[in-house]
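Student: Handing you a structure now.
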Amino acid sequence: MRHAAGRYCYNSEYNLGIFQIKFQGWRSYVFLRQKGSRNMWYVIQTVTGKEEELMLFIRNILCRERYESCFVIYAQWMKRLGGEWQIQVRPLFPGYVFIDTEEPERLYMELKAVPKFSRLLGTGTDEFVPVKKEEEKFLRMITGGSGEMADEPAIERMERADDATVKLTVVETELDGGIRSMEGALSCFASDDVRLNLHKRYAVVKTRMLGEERTLVFGIRLKKDR
Numbered sequence: 001m002r003h004a005a006g007r008y009c010y011n012s013e014y015n016l017g018i019f020q021i022k023f024q025g026w027r028s029y030v031f032l033r034q035k036g037s038r039n040m041w042y043v044i045q046t047v048t049g050k051e052e053e054l055m056l057f058i059r060n061i062l063c064r065e066r067y068e069s070c071f072v073i074y075a076q077w078m079k080r081l082g083g084e085w086q087i088q089v090r091p092l093f094p095g096y097v098f099i100d101t102e103e104p105e106r107l108y109m110e111l112k113a114v115p116k117f118s119r120l121l122g123t124g125t126d127e128f129v130p131v132k133k134e135e136e137k138f139l140r141m142i143t144g145g146s147g148e149m150a151d152e153p154a155i156e157r158m159e160r161a162d163d164a165t166v167k168l169t170v171v172e173t174e175l176d177g178g179i180r181s182m183e184g185a186l187s188c189f190a191s192d193d194v195r196l197n198l199h200k201r202y203a204v205v206k207t208r209m210l211g212e213e214r215t216l217v218f219g220i221r222l223k224k225d226r
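Using full-length UniProt numbering, read the sequence shown as starting at 1 and increasing by one per residue.
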């Protein structure tokens, strides 16, 4: 089967394949799923600080039937202002926007036809990258609070940016500063893999995510915090 913007080779029985699109030095690889499967998550890279602008641009420009949700994953942080701890948010993955769709190739071609989209991509990667199933499951879990998240309710909740947020992990420490317990997203990691900055109320974890080794920074609060 030929397409105006590229070629799509597939096995009609299983509806599997790779759709390759090329535009003047730009390329995109979209990995399709087995016929009848649910949507997949993909990430689009933009300039750090432009995540919300790209998210809103996609929501405004695309037909709603093209995707289930488009969102930025935020993480809560504690910041001391006026002698009190206040909660703020910042992107957990700076420069990345997530989109849940079953028509990635069609969606991306429509976006690419709009000049502003190319400007929002800046100097980031030119690939429309699929999120692995195990990574999607992990991200659903940490943005949902705790435990497993059902697919459909999770998709609906992800439509609102405040629901695509990693809440603060409540940390209890030993007298020597070691970790006694963690309640929240950080409980997914071994305590030995978590580096705490108790003074500034954040934790750092190194893990492989979205195709490369990353340093993730999570906000924490101590049980004694009010």
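Glycine included, each C-beta is placed from N, C-alpha and C at the ideal position.
Keep in mind it's a predicted model, so treat the numbers as computed, not measured.
Can you give the Cα-Cα distance for R180 and L92, rounded to whole angstroms?
Tutor: Residue 180 sits at position 180 when you count from the first residue of the sequence shown. Residue 92 sits at position 92 when you count from the first residue of the sequence shown. If you take the alpha carbons of R180 and L92, they lie about 25 Å apart.
Student: Going by the beta-carbon positions, is the gap between I73 and A164 smaller than 8 Å?
Tutor: Taking the first residue of the sequence shown as 1, we reach residue 73 at position 73. Taking the first residue of the sequence shown as 1, we reach residue 164 at position 164. With respect to A164, I73 sits close: the two C-beta atoms are nearer than 8 Å.
Student: Using the DSSP secondary-structure output, state which residues sit across from D100 in a beta bridge.
Tutor: Along the sequence shown, read from residue 1 onward, the residue named residue 100 stands at position 100. BP columns for D100 point to W41, S69.
Student: Can you pull the DSSP bridge partners for A75?
Tutor: Against the sequence shown, residue 75 aligns to sequence position 75. DSSP, once it has assigned bridges, lists R90, V166 as partnering A75.
Student: To the nearest angstrom, report how far apart I220 and M109 are at their CA atoms.
Tutor: By one-based count along the sequence shown, residue 220 stands at place 220. By one-based count along the sequence shown, residue 109 stands at place 109. Going by C-alpha positions, I220 is about 40 Å away from M109.
Student: Just list the residues that DSSP pairs F218 with in beta bridges.
Tutor: For the purposes of this step, residue 218 is taken as the residue at position 218 of the sequence shown. Answer is A203.
Student: Using 8 Å for Cβ pairs, my map puts T101 next to Y67. What's the rounded Cβ distance?
Tutor: One-based indexing of the sequence shown puts residue 101 at position 101. One-based indexing of the sequence shown puts residue 67 at position 67. Contact flag correct, Cβ pair sits at about 4 Å.
Student: With which residues is E174 paired in a DSSP beta bridge?
Tutor: As a position in the sequence shown, residue 174 is number 174, starting the count at 1. E174 pairs with nothing; no bridge assigned.
Student: Is the stretch 189 to 204 touching the stretch 129 to 147 in the sense that three or more CB pairs, one from each, lie closer than 8 Å?
Tutor: no
Student: Once you ignore the five residues that flank Q88 on each side, which residues in its own chain have a CB closer than 7 Å to its CB?
Tutor: Against the sequence shown, residue 88 aligns to sequence position 88. Same-chain partners within the cutoff: W77, K79.
Student: Whose C-alpha, out of I61, E51, W41, L186, is nearest the C-alpha of G95?
Tutor: Here residue 95 refers to the residue found at position 95 of the sequence shown. Here the closest residue by C-alpha is E51.
Student: So if DSSP puts I179 in a beta bridge, which residue, or which two residues, is it bridged to?
Tutor: Indexing the sequence shown from 1 puts residue 179 at position 179. Looking at the DSSP assignment, I179 forms a beta bridge with T173.
Student: For the putative contact between V166 and A75, defined by C-beta atoms under 8 Å, what is the C-beta separation to the nearest angstrom?
Tutor: Along the sequence shown, one-based indexing puts residue 166 at 166. Along the sequence shown, one-based indexing puts residue 75 at 75. Confirmed, Cβ separation roughly 4 Å.
Student: Can you tell me whether P115 is buried or exposed? The criterion is at least 16 other CB atoms within 10 Å of its CB, across all chains shown.
Tutor: In the sequence shown, counting from the first residue as 1, residue 115 sits at position 115. By the 10 Å Cβ count, P115 comes out exposed.
Student: Might you give, ordered along the chain, the residues of its own chain that have their beta carbon closer than 8 Å to the beta carbon of E213, omitting 5 neighbours on each side?
Tutor: Within the sequence shown, residue 213 is the residue found at index 213, counting from 1. Within the same chain, Cβ atoms closer than 8 Å to the Cβ of E213 are found at K206, T207, the five residues on either side in sequence being excluded.
Student: Starting from E84, follow its DSSP beta bridges and name the residues at the other end.
Tutor: Start at 1 with the first residue of the sequence shown, and residue 84 comes out as number 84. Paired residues: L81.
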